[in-house]
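Numbering-wise (the numbering used here), the sequence shown opens with residue 13 and increments by one.
The C-beta atom is built at its ideal place from N, Cα and C for all residues, glycine as well.
In this text, all values refer to a predicted model and were calculated from it rather than measured experimentally.
See below for the structure under consideration.
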Amino acid sequence: MRRRRFRHRYRVSCVRREACASWVALPADVGEAAVFLASDDARYITGHMLVIDGGILAIQNSWSPPA
Numbered sequence: 013m014r015r016r017r018f019r020h021r022y023r024v025s026c027v028r029r030e031a032c033a034s035w036v037a038l039p040a041d042v043g044e045a046a047v048f049l050a051s052d053d054a055r056y057i058t059g060h061m062l063v064i065d066g067g068i069l070a071i072q073n074s075w076s077p078p079a
C-alpha cells in the first residue's frame, strides 16, 4: 500500500510540474465540463473531443513521467 501511494504521489507531482494549470484536476472539473456540454450553451458544439488535461498537450505532444 505504501509503495502504491508513493507512485500515486509521484505521478501527481509530475502532472503538476508539466501542466500549464499547475494543479491536478478534480472530478468536479471534469463534471463541470460535462454539464456545460450537456447545456444549451454548448448547442453549437458538435463532434468535438474535449481534452481536460490542464494544458499538458499544449506544451508537448505526448506526456510521460521523467526518468
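| Query | Result |
| --- | --- |
| Top-ranked residue by Cα proximity to aspartate 41, from Arg28, Ser51, Ile64 | Ile64 |
| With 16 other Cβ atoms within 10 Å as the buried cut-off, status of valine 24 | exposed |
| Cα-Cα separation between serine 51 and glycine 66, rounded to whole angstroms | 22 angstroms |
| Methionine 13 versus cysteine 32: straight-line alpha-carbon distance, rounded | The predicted position of methionine 13 is uncertain, since its pLDDT is 47 and thus under 50; a value taken from the coordinates is nonetheless stated next. Roughly 30 angstroms between the two C-alpha positions. |
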